[in-house]
Amino acid sequence: MGTKGIEIVGMDVNHLIGLLNKAFSDEWLAHYQYWIGAKIVKGPMKEAVIAELTQHAADELRHAGLLAARIIQLGGTPITKPEEWYKHSNCGYDAPDNPFVKDVLEQNIKGEQCAIMTYQSLVNLTMGKDPVTYNIVLQILQDEVEHEDDLQAEMEDLETMLSLRSRS
Ligand SMILES: [Fe+2]
Ligand SMILES: [Fe+2]
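The working numbering puts the first residue of the sequence shown at 66, with every later residue one more than the last.
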């Protein structure tokens with residue numbers, strides 16, 4: 066850990082590490098939710114949805130890596146036990162037990178909306194106080210906004226297709 070790098074953080078570093086560990090837990094749960102969703106999803110437009118879910122799974126894992134690196138830089142330890150993810154997570158985990166494409170999309174849209182709220186609050190909290198963490202959480206927020214948009218676009222295509230089908 067870099068002493069000067071920590072000294073310039075204008076907020077309670079331990080509190081910040083705790084919040085980053087909560088977001089870190091969210092990212093792992095989101096990664097798995099997408100990863101397993103991509104394996105089991107069923108229904109129309111499955112191929113396009115699988116491609117999107119697989120891409121998002123990779124993004125969430127990358128986010129977990131960014132957060133882990135920052136937690137370590139701040140002198141903290143990223144959560145080492147998966148069972149703790151549930152305890153610390155803001156957004157929880159929605160098991161895709163109903164693998165129909167529309168239900169999986171709905172669950173993941175809900176997850177992204179929660180992630181957007183989480184990062185929005187981290188952006189606000191670190192703004193002007195910790196530019197390094199701010200830069201990381203802002204990048205992640207941009208990705209989560211894009212994720213929500215991607216999933217809602219898939220949902221729109223799916224709904225158009227289903228309504229055309231029911232008319233014919
Ligand atoms: Fe993420
Ligand atoms: Fe996301």
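Backbone N, C-alpha and C define an ideal beta-carbon position, used for all residues, glycine too.
{"Asked": "Does the beta-carbon distance from N163 to T183 come in below 8 Å?", "Found": "no"}
{"Asked": "Would you say the beta carbon of E219 comes nearer than 7 Å to a heavy atom of ligand 2?", "Found": "no"}
{"Asked": "Taking all protein chains shown into account, do 16 or more other C-beta atoms lie within 10 angstroms of the C-beta of N86, making it buried, or fewer, making it exposed?", "Found": "buried"}
{"Asked": "If we ignore side chains and look at the alpha-carbon of each, how far apart do H128 and I205 end up?", "Found": "7 Å"}
{"Asked": "Would the beta-carbon of Q98 fall within 8 Å of that of Y158?", "Found": "yes"}
{"Asked": "Just tell me which of L131, K107, Y199, E117 has its CA closest to the CA of E92.", "Found": "L131"}
{"Asked": "Do E171 and E213 count as a contact pair if the criterion is CB distance below 8 Å?", "Found": "no"}
{"Asked": "Could you tell me which uninterrupted alpha helix (DSSP H) segments, each at least 4 residues in length, are contained entirely in the stretch 162-233, listed from first to last along the chain?", "Found": "166-191, 196-232"}
{"Asked": "For the candidate residues Q138, M226, T145, V202, whose alpha-carbon lies nearest to that of K69?", "Found": "Q138"}
{"Asked": "Could you give the residue range of the alpha helix (DSSP H) that holds K152?", "Found": "148-153"}
{"Asked": "Out of F165, S233, Q120, T145, state which residue places its alpha-carbon closest to the alpha-carbon of E211.", "Found": "Q120"}
{"Asked": "So which of D124, I144, G108 has the shortest CA-CA distance to V169?", "Found": "G108"}
{"Asked": "Sorry if obvious, but does the Cβ on E209 come closer than 7 Å to a heavy atom of ligand 1?", "Found": "yes"}
{"Asked": "Less than 8 Å separating the beta-carbons of E148 and E219?", "Found": "no"}
{"Asked": "Could you check whether A95 and E125 sit closer than 8 Å to each other, using their CB atoms as the reference points?", "Found": "yes"}
{"Asked": "Consider the C-beta atom of D124 and the heavy atoms of ligand 2; say whether any pair is separated by less than 7 Å.", "Found": "yes"}
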